[in-house]
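Accompanying notes for the structure given below.
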Amino acid sequence: MTQVYDITIIGGGPVGLFAAFYAHLRQAKVKIIDSLPQLGGQPAILYPEKAILDIPAFPSLTGQELTDNLLAQLAPFDTTICLNETLTAIEPGEVISLTTNKGSHQTKTLIIAMGGGAFKPRPLEIDGADSFDNIHYHVSNIQQYADKDIVVLGGGDSAVDWSLAFEKIAKTTQIVHRRDNFRALEHSVEELKQSSVTIHTPFIPKGLSGENGRASAIDFDKVKSEDKLTLSFDHLFVNYGFKSSVGTLKEWGLELNRHRIVVNSKQETSVPGIYAIGDCCFYEGKIDLIATGLGEAPTAVNNAMNYLNPNEKVQPKHSTSL
Numbered sequence: 001m002t003q004v005y006d007i008t009i010i011g012g013g014p015v016g017l018f019a020a021f022y023a024h025l026r027q028a029k030v031k032i033i034d035s036l037p038q039l040g041g042q043p044a045i046l047y048p049e050k051a052i053l054d055i056p057a058f059p060s061l062t063g064q065e066l067t068d069n070l071l072a073q074l075a076p077f078d079t080t081i082c083l084n085e086t087l088t089a090i091e092p093g094e095v096i097s098l099t100t101n102k103g104s105h106q107t108k109t110l111i112i113a114m115g116g117g118a119f120k121p122r123p124l125e126i127d128g129a130d131s132f133d134n135i136h137y138h139v140s141n142i143q144q145y146a147d148k149d150i151v152v153l154g155g156g157d158s159a160v161d162w163s164l165a166f167e168k169i170a171k172t173t174q175i176v177h178r179r180d181n182f183r184a185l186e187h188s189v190e191e192l193k194q195s196s197v198t199i200h201t202p203f204i205p206k207g208l209s210g211e212n213g214r215a216s217a218i219d220f221d222k223v224k225s226e227d228k229l230t231l232s233f234d235h236l237f238v239n240y241g242f243k244s245s246v247g248t249l250k251e252w253g254l255e256l257n258r259h260r261i262v263v264n265s266k267q268e269t270s271v272p273g274i275y276a277i278g279d280c281c282f283y284e285g286k287i288d289l290i291a292t293g294l295g296e297a298p299t300a301v302n303n304a305m306n307y308l309n310p311n312e313k314v315q316p317k318h319s320t321s322l
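Mapping the sequence shown onto UniProt numbering, position 134 (from 1) lands on 134, and the numbers just tick up by one.
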């Protein structure tokens, strides 16, 4: 017989993990379902060594450290965890039935914390780019790039932050962006300008050269100019962001706004008993940060518990009084 859980959470990233922990504080029976082979979401898989600066009470911590801390916080509790499992259908009701690629689950309430959905990096669209093993889309074990010549492509937070990280250990670090203005946090951009990182803007990548499976140089055309640029490197890092897919989200019967789940101030969706938190949800003024998603988790959990027990107050006891 299928067990019925109080709260099932779709997504095992930071927001989903914290929601699971908080649900245990409310003594809920909790399950996490995640399509990835490990918990932690994007911070654990895509940027485990990248510094995260906007988590309260932590001046700086890496994606892996954030994941480790959240898992340590969750460890004392009995959480059912289902990995490599993708949600394909939701059947609302007094007991919500979930269908995945592996089977079925039943839950009294559901919290969707799936971020932007399945994700993969936007590729470098140059012929033959995928044939070189020193072109990378994420960083693991940054020390292996010490004393190397590094080129970073991109203009967002990841490109700027990784350039600053490489500057500390690499022989040379250069960053190339297709626009004059960077899209990263202003503080980080100013730090980049004051660093020894060489900045090239605005340039578009056009060709690669190399042999035996390793690229050695990349060619660029300057935007609205006849100027050319060629940079040699040991390793090339492409930070063009990620393409995400929400899969069968449109078929779940939830009100959406541009592929995001519409919620109210209680994190409730259009379907009773189903909540959404983190980057997958939408409300006016929504800001996509790990920090804001972490704040949405207790709101969803406490309202889910009130949905299960209407006579209980939504406002919980403070953890200091438990």
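All C-beta atoms, glycine included, are put in the ideal place defined by N, C-alpha and C. Every value quoted in this text rests on a predicted model; they were computed, and no experiment measured them.
Among the options, the one whose alpha carbon lies nearest that of residue i
| i | options | result |
| --- | --- | --- |
| I175 | V263, T201 and T100 | T201 |
| Q194 | G213, E167, H177 and R179 | E167 |
| F132 | S209, T80, P37 and L17 | S209 |
| Y47 | P37, W162 and A20 | W162 |
| I20 | H105, T299 and G207 | First, the residue type needs correcting, since residue 20 is Ala and not Ile in the sequence shown. It is T299. |
| Y240 | Q42, E125, R258 and L53 | E125 |
| P43 | T2, P59 and D68 | D68 |
| G93 | E312, N181, Y307 and K313 | Y307 |
| G117 | T230, I287, L231 and F242 | F242 |
| S97 | H259, L294, A129 and W252 | W252 |
| D130 | P76, A215, T107 and E186 | A215 |
Proximity of residue i and residue j at Cβ, strictly below 8 Å
| i | j | result |
| --- | --- | --- |
| D149 | D234 | yes |
| G278 | G115 | yes |
| P14 | L66 | yes |
| I135 | I169 | no |
| E312 | Q267 | no |
Residue i beta carbon near the ligand SAH (any heavy atom closer than 7 Å)
| i | result |
| --- | --- |
| I204 | As presented, the structure is devoid of all ligands, the ligand SAH included, so that no description of it is given. |
Boundaries of the alpha helix (DSSP H) in which residue i is found, first to last residue
| i | result |
| --- | --- |
| S158 | D157 to E167 |
| L71 | G63 to L74 |
| L231 | Element bounds for L231: not the alpha helix (DSSP H) but the beta strand (DSSP E), K228 to S232. |
| H187 | E186 to Q194 |
| Q174 | Where Q174 is concerned, there is no enclosing alpha helix (DSSP H), although the beta strand (DSSP E) it sits in stretches over T172 to V176. |
| A23 | P14 to L25 |
| P298 | I290 to L308 |
| G128 | Here G128 belongs to no alpha helix (DSSP H), and DSSP marks it neither H nor E. |
| I9 | Element bounds for I9: not the alpha helix (DSSP H) but the beta strand (DSSP E), V4 to I10. |
| I96 | Per DSSP, I96 belongs to no alpha helix (DSSP H); it is in the beta strand (DSSP E), I96 to T100. |
Straight-line gap, residue i to residue j (C-alpha atoms, nearest Å)
| i | j | result |
| --- | --- | --- |
| V263 | A23 | 19 Å |
| P123 | A184 | 20 Å |
| Y145 | V238 | 15 Å |
| R178 | V223 | 7 Å |
| K29 | D6 | 5 Å |
| L83 | A304 | 23 Å |
| G156 | L192 | 12 Å |
| L71 | L17 | 7 Å |
| Q315 | N302 | 7 Å |
| A217 | S265 | 51 Å |
| C281 | H105 | 22 Å |
| I199 | T2 | 58 Å |
| A51 | N181 | 22 Å |
| T292 | K171 | 37 Å |
| I204 | L229 | 9 Å |
| D127 | T88 | 35 Å |
| L236 | E211 | 15 Å |
| K286 | N257 | 12 Å |
| Y137 | S60 | 22 Å |
| S232 | K317 | 59 Å |
| N101 | L39 | 18 Å |
| P56 | P310 | 32 Å |
| L294 | H187 | 23 Å |
For residue j and residue i, believed in contact at Cβ under 8 Å, the rounded distance
| i | j | result |
| --- | --- | --- |
| V160 | V189 | 6 Å |
| I90 | G11 | Actually they are not in contact, since the Cβ atoms of I90 and G11 sit about 14 Å apart, beyond 8 Å. |
| K120 | T80 | Not confirmed; about 28 Å, so no contact. |
| I33 | T8 | 7 Å |
| T99 | G273 | Their Cβ separation, rounded to whole angstroms, is 17 Å, which puts T99 and G273 out of contact at 8 Å. |
| S276 | I290 | Contrary to the premise, residue 276 reads as Ala rather than Ser in this sequence. Between I290 and A276 the Cβ distance is about 16 Å, and since that is not below 8 Å, they are no contact. |
| D221 | K206 | 5 Å |
| S270 | L249 | 13 Å between Cβ atoms; not a contact. |
| residue 325 | S319 | Nothing about residue 325 can be read from this structure; the chain reaches only from 1 to 322. |
| S140 | T86 | Actually they do not touch by this definition, with Cβ atoms about 24 Å apart. |
| V95 | V197 | Not confirmed; about 55 Å, so no contact. |
| E49 | Q64 | 7 Å |
Limits of the beta strand (DSSP E) - the one that residue i falls within
| i | result |
| --- | --- |
| H105 | S104 to I112 |
| A215 | R214 to K222 |
| A89 | L87 to E91 |
| A276 | I274 to A276 |
| Q205 | Note on residue identity: the sequence assigns Pro, not Gln, to residue 205. Looking at the DSSP string, the run of the beta strand (DSSP E) that includes P205 is F203 to E211. |
| I150 | D149 to L153 |
| I33 | V30 to I33 |
| I287 | Here I287 belongs to no beta strand (DSSP E), and DSSP marks it neither H nor E. |
Test: residue i CB closer than 8 Å to a CB of chain B
| i | result |
| --- | --- |
| G63 | This model lacks chain B altogether; it includes just one protein chain. |
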